[in-house]
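My numbering puts the last residue of the sequence shown at 170; the count rises by one with no breaks. A virtual CB, placed ideally from N, CA and C, is assigned to each residue, including glycine. Predicted model only: the values in this text are computed from it and were never measured.
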Amino acid sequence: STAGLQPPPYFESVWWSMPPASMHATFGSLWSEDIRALDAVLVLYSPSNHDEILHVFQLLEVLHVTFQDSLPPIYGICHTVAPEIPPHANHHWHSHASETCRALLESGFNDVTKTEASGLHLALEIRMMLRKTVYLNSTALLEHKAKQKHRRERKTWLETSLCSTIPTYL
């Protein structure tokens, strides 16, 4: 749940907000096709809000039941590391935080941020990846990657060819 939060400008293309009460009713219709085209799913939540943690567990359950093996990686980022919130705001972690992280990882998160620095780093890293690919569907993404690979191979071939034709002098 991201209730009450506004998306930072560079997250607008991947931000998705839904009230917890309507999560199960609207989830399938909103994401049934779109989720397969994403490189990653970011779940923002408050680590000190028990109800929100419960909704995150429910969201993970719905994701895994609905999409099974076709899910992209899912990352957990707590509200205090959302890029628009200042670094000193992370005072919500309590002694149960490590247990919550472990439970979320077991439930399906690929990674869970545990500190302000790691959360910001992960958020920025994923943002850079998603900005390049979020508008591409799966087919377009594969074509894009194939073109990039072809360019790299061509560059390597040109460099090798040029180097082999240049005479070397002692």
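Q: Assign V65 to buried or exposed, taking buried as 16 or more other Cβ atoms, counted over all protein chains shown, within 10 Å of its Cβ.
A: Answer is exposed; the Cβ neighbour count stays below 16.
Q. Which word fits H55, buried or exposed, when buried means at least 16 other C-beta atoms lie within 10 angstroms of its C-beta?
A. Buried: at least 16 other Cβ atoms inside 10 Å.
Q: Along the alpha helix (DSSP H) that carries Q58, what are the first and last residues, could you check?
A: H50 to F67
Q) Roughly how many whole angstroms lie between the Cα atoms of S70 and K155? A) 34 Å
Q.
If you measure between the beta carbons of F57 and A103, is that distance less than 9 Å?
A. yes
**Q.** R151 to P72 span [Cα, whole Å]
**A.** 26 Å
Q. L44: buried (16+ other C-beta within 10 angstroms of its C-beta) or exposed?
A. Label assigned to L44: buried.
Q) From L63, K145, I77 and K147, pick the residue whose C-alpha is nearest to that of S107; which is it? A) Between S107 and the set L63, K145, I77 and K147, the nearest pair of CA atoms involves L63.
Q.
Per DSSP, what are the beta-bridge partners of W104 in this structure?
A. Correcting the residue type first, residue 104 is Leu in the shown sequence and not Trp. None, per the DSSP bridge assignment.
**Q.** Those residues which DSSP pairs with L44 across a bridge
**A.** I77
Q: Output yes or no for whether 9 Å exceeds the beta carbon distance between L60 and I74.
A: yes
Q | C-alpha gap between H50 and L105, whole angstroms | A | 17 Å
Q.
Measuring only the C-alpha atoms, how far is I53 from E153?
A. 46 Å
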